[in-house]
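> This is the structure I want to talk about, given as structure tokens.
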Amino acid sequence: MAAPETAVALVARGPASSGQWNLERVTLRPCRDDELVVRIVACGICLADVHFGDVPEEEAQGNPLIYYPRVLGHEGSGYVEKIGKNVTCAKPGDPVILSYLSCGSCYTCSDDHPAYCKDLMDLNFIGNASFDVEGAATSPIGGQFFGQSSFSSRTLVKERTVVNLKGLIEDEEELKLLAPLGCGVQTGSGTMIRIGGAKKGDSVVVLGVGSVGLSAIMGAKLQECAIIITIDRVQSRLDLARELGATHVINTSDQSINLVQRVMEITDGQGVHIALDTTGVQSLARQTFDMVRNRGRILQNGLARPGDNWDVPMADLMNTGKQILGAVQGDAIPQDYIPQMIKWYHEGRLPVEKLVKQYKASDFQRALDDMRAGTTVKPILIFPEGSTPLEPPRSQL
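Just so it is clear: in the sequence shown, position 60 is 60 by the UniProt record's numbering, and no numbers are missing.
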């Protein structure tokens, strides 16, 4: 029997805020016929990782989506090391970006909307026991978070999670830089373009300028929107939003500002065509209904707290024709949309490099702290450390 694959993984054994995330040596279970082993070179940190990895188990109240130990991470990029016999999407040595997992056979997947797969929650947030403590085959660690669990120098993934970049990227440094295309950048730009339907001359407002909000701003600029309003309380991020295409910024640290009134002033009393909330803050999200013009679109993407809800009078919804749409992964098919984003990046129209900062995997705590403080928009952890990775054949790039 072949020796099991080993890896260095960031294992969450409890909430991050209580210091229970640590780098550990782990082993991978055997690769199945429909799976690939991917050597991870980089993984972005997303707020969803913290959202699912910072909840005390006693507060989860039996929620199957919250458990420990597990390996999180879902913006991974790397090289294929091994494939199961039924895999056709890639070969060993191919550079890949990983994205979310979908079943491929339900009605939404069959209708080319895999981001709304009916099994999305189970496939992406429950996952399975992909890892073990090294040397202890009976100490399972949860894996395939968002189809990936890419906070690990090696991981097991299903074929539908993989986007093959052979021939699309220049080198390994670019592969590291582009890791966040698998979630944050895809979600932000895709939500504005694909779900919002932003077009030339439109006016839009984006609430919250983390990586998703800033990517939405880049998407609005790509579509040549005339007015791009950004709302946040961190001035440095508002400054970056301007650099990326925002035409107006509103700093909510001044609590005397009436946000709806200010948006109406900017749009000559008409309201915006599209409003995107990335904050998940109920009081802010609710205001977007009053920011959009009649028949405008309200896009909800922020991670809300349990119990938060929309409180909109039914008559107002009917009489205005406004639409409230839930936005998941930009409604993107990763295998189609990620190559498109790479094309925009190479054209200089999607400057992802302005969002990111790279950290060694051993500096994960500093990366988390910087993200929480707002000093880094998108931290990227660089793997592996303390092991000798296989070097990808240059012909595969």
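We put the CB at the ideal spot given by N, CA and C, even for glycine.
At the level of alpha carbons, what is the spacing between Lys354 and Phe52?
As a first step, residue 354 must be located in the sequence shown, where it is residue number 354. As a first step, residue 52 must be located in the sequence shown, where it is residue number 52. Using only the alpha carbons, I get a separation of about 27 Å.
> When you compare only the Cα positions, how much space is there between Ser283 and Gly62?
Mapped onto the sequence shown, residue 283 falls at position 283. Mapped onto the sequence shown, residue 62 falls at position 62. For Ser283 and Gly62, the distance between alpha carbons rounds to 28 Å.
> Which value, in whole angstroms, describes the spacing of the CA atoms of Ile40 and Leu101?
If you number the sequence shown from 1, residue 40 lands on position 40. If you number the sequence shown from 1, residue 101 lands on position 101. Computed Cα separation, rounded: 17 Å.
> Rounded to whole angstroms, how far is the Cβ of Gly190 from the Cβ of Gln335, which I believe are closer than 8 Å?
Translated into the one-based positions of the sequence shown, residue 190 becomes position 190. Translated into the one-based positions of the sequence shown, residue 335 becomes position 335. About 13 Å; that fails the 8 Å criterion.
> Below 8 Å, how does it come out for the segment 55–72 and the segment 191–199: are there three or more Cβ pairs, yes or no?
Counting Cβ pairs under 8 Å, fewer than three are found: no touch.
> Could you name the residues of the same chain whose beta carbon sits closer than 6 Å to that of Lys221, not counting the 5 residues immediately before and after it, in chain order?
Start at 1 with the first residue of the sequence shown, and residue 221 comes out as number 221. So the list reads Gly245, once near-sequence residues are dropped.
> Reducing DSSP to helix, strand and coil, say where Ser203 ends up.
For the purposes of this step, residue 203 is taken as the residue at position 203 of the sequence shown. Three-state result, Ser203: strand.
> Within its chain, find whatever has a CB closer than 7 Å to the CB of Gly14; leave out the 5 residues flanking it on each side and keep chain order.
As a first step, residue 14 is located in the sequence shown; it is residue number 14 there, counting from the start. Gln20, Tyr68, listed in sequence order.
> Cβ atoms of Ile380 and Cys43: under 8 Å apart, would you say?
Counting from 1 along the sequence shown, the entry for residue 43 is found at position 43. Counting from 1 along the sequence shown, the entry for residue 380 is found at position 380. Yes. Within cutoff.
> With DSSP as the reference, identify every bridge partner of Phe131, one or two as the case may be.
In the sequence shown, counting from the first residue as 1, residue 131 sits at position 131. In DSSP, Phe131 forms a bridge with Leu28, Ile141.
> With H, G and I counted as helix, E and B as strand and the rest as coil, what does DSSP make of Val352?
Numbered from 1 along the sequence shown, position 352 holds the residue referred to as residue 352. Of the three classes helix, strand and coil, the one that applies to Val352 here is helix, per DSSP.
> Would you mind working out which of Glu81, Ile229, Leu165, Gly73 sits nearest Lys343, comparing C-alpha positions?
In the sequence shown, the residue the question calls residue 343 occupies position 343. For the residues Glu81, Ile229, Leu165, Gly73, the minimum Cα distance to Lys343 belongs to Leu165.
> Using a threshold of 8 Å, state whether the C-beta atoms of Leu23 and Ala361 are closer than that.
As a first step, residue 23 must be located in the sequence shown, where it is residue number 23. As a first step, residue 361 must be located in the sequence shown, where it is residue number 361. Cβ atoms of Leu23 and Ala361: closer than 8 Å.
> Per DSSP, which one or two residues make a beta bridge with Cys43?
For this step, residue 43 is matched to residue 43 along the sequence shown. DSSP output for Cys43 lists Gly76, Leu381 as bridge partner(s).
> Sort out for me which residues DSSP pairs Thr155 with in a bridge.
Position 155 of the sequence shown, counted from the first residue, corresponds to residue 155. Partner(s): Val38.
> Taking Cβ positions, are Gln186 and Ala332 nearer each other than 8 Å?
Residue numbering aside, residue 186 sits at position 186 when the sequence shown is read from its first letter. Residue numbering aside, residue 332 sits at position 332 when the sequence shown is read from its first letter. Cβ distance < 8 Å, so Gln186 and Ala332 count as in contact.
> Using only CA atoms, which one of Leu238, Gly280, Val281, Gln287 lies nearest to Arg262?
Taking the first residue of the sequence shown as 1, we reach residue 262 at position 262. Answer by Cα proximity: Gln287.
> Per DSSP, what are the beta-bridge partners of Lys82 in this structure?
By 1-based counting over the sequence shown, the position of residue 82 is 82. Paired residues: Val37.
> Counting Cβ pairs, one atom from each stretch, are 3 or more of them under 8 Å apart for the segment 70–85 and the segment 149–168?
The segment 70–85 is in contact with the segment 149–168.
> Leaving out five residues before and five after Ser236 in sequence, what residues of the same chain have Cβ atoms less than 8 Å from its Cβ?
For this step, residue 236 is matched to residue 236 along the sequence shown. Excluding sequence neighbours, Ser236 sits near Gly374, Thr375.
> I'd like the span of the alpha helix (DSSP H) that includes Arg262, first residue to last.
Position 262 of the sequence shown, counting from 1, holds the residue named residue 262. Arg262 -> alpha helix (DSSP H) spans 259–266.
> Thinking C-alpha only, which one of Leu28, Ile266, Ser110, Ser99 is nearest Pro4?
Sequence index remark: in the sequence shown, residue 4 carries index 4 (1-based). Comparing Cα-Cα distances from Pro4 to each of Leu28, Ile266, Ser110, Ser99, the minimum goes to Leu28.
> Taking only the alpha-carbon atoms, compute the straight-line gap between Ser139 and Glu224 and give it to the nearest angstrom.
What you label residue 139 is simply residue 139 of the sequence shown in a count that begins at 1. What you label residue 224 is simply residue 224 of the sequence shown in a count that begins at 1. The alpha-carbon atoms of Ser139 and Glu224 are separated by roughly 53 Å.
> I need the DSSP call for Lys357, collapsed to helix, strand or coil.
Start at 1 with the first residue of the sequence shown, and residue 357 comes out as number 357. It is a strand residue.
> Below 8 Å on the Cβ atoms is my contact criterion, and I expect Asn71 with Gly184 to pass it. Report the Cβ-Cβ distance as a whole number of Å.
Reading the sequence shown from its first residue, position 71 is the one you call residue 71. Reading the sequence shown from its first residue, position 184 is the one you call residue 184. Note that residue 71 is Val in the sequence shown, not Asn. Going by Cβ atoms, the distance from Val71 to Gly184 rounds to 19 Å, so no, they are not a contact pair.
> Which residue or residues does DSSP assign as beta-bridge partners of Gln300?
Residue 300 sits at position 300 when you count from the first residue of the sequence shown. For Gln300, which the question treats as bridged, DSSP gives the partners Asp277, Gly326.
> Ignoring anything shorter than 3 residues or poking outside the segment 185–237, list the beta strand (DSSP E) runs there in chain order.
203–207, 227–232, all fully within the segment 185–237.
> Can you give the Cα-Cα distance for Ala315 and Gly296, rounded to whole angstroms?
Sequence index remark: in the sequence shown, residue 315 carries index 315 (1-based). Sequence index remark: in the sequence shown, residue 296 carries index 296 (1-based). Using only the alpha carbons, I get a separation of about 16 Å.
> Should Leu240 and Leu259 be called a contact, given that it needs their Cβ atoms to be closer than 8 Å?
The sequence position of residue 240 within the sequence shown is 240, counting from 1. The sequence position of residue 259 within the sequence shown is 259, counting from 1. Contact: no.
> With a CB to CB cut of under 6 Å and the five nearest residues on each side skipped, what residues in its chain are close to Leu56?
As a position in the sequence shown, residue 56 is number 56, starting the count at 1. Per the sequence shown, residue 56 should be read as Pro rather than Leu. Only Pro15 meet the Cβ criterion.
> Should Ser130 be labelled buried (16 or more other beta-carbon atoms within 10 Å of its own) or exposed?
Counting from 1 along the sequence shown, the entry for residue 130 is found at position 130. So Ser130 counts as buried.
> Express the C-alpha separation of Glu35 and Asp268 in angstroms, rounding to a whole number.
In the sequence shown, residue 268 corresponds to position 268, counting from 1. In the sequence shown, residue 35 corresponds to position 35, counting from 1. Straight-line Cα distance between these residues: approximately 54 Å.
> Roughly how far, in whole angstroms, is the beta-carbon of Pro180 from the beta-carbon of Val356, given that I think they are within contact range, below 8 Å?
Taking the sequence shown and counting its residues from 1, one reaches residue 180 at position 180. Taking the sequence shown and counting its residues from 1, one reaches residue 356 at position 356. Going by Cβ atoms, the distance from Pro180 to Val356 rounds to 7 Å, so yes, they are a contact pair.
> Between the Cα of Val157 and those of Tyr79, Ile228, Asp202, spot the shortest distance and give me the residue it belongs to.
Here residue 157 refers to the residue found at position 157 of the sequence shown. When each option's Cα is compared against that of Val157, the closest is Tyr79.
> Can you tell me where the beta strand (DSSP E) with residue 405 in it begins and where it stops?
What is shown of the chain runs 1 to 397, which leaves residue 405 out entirely.
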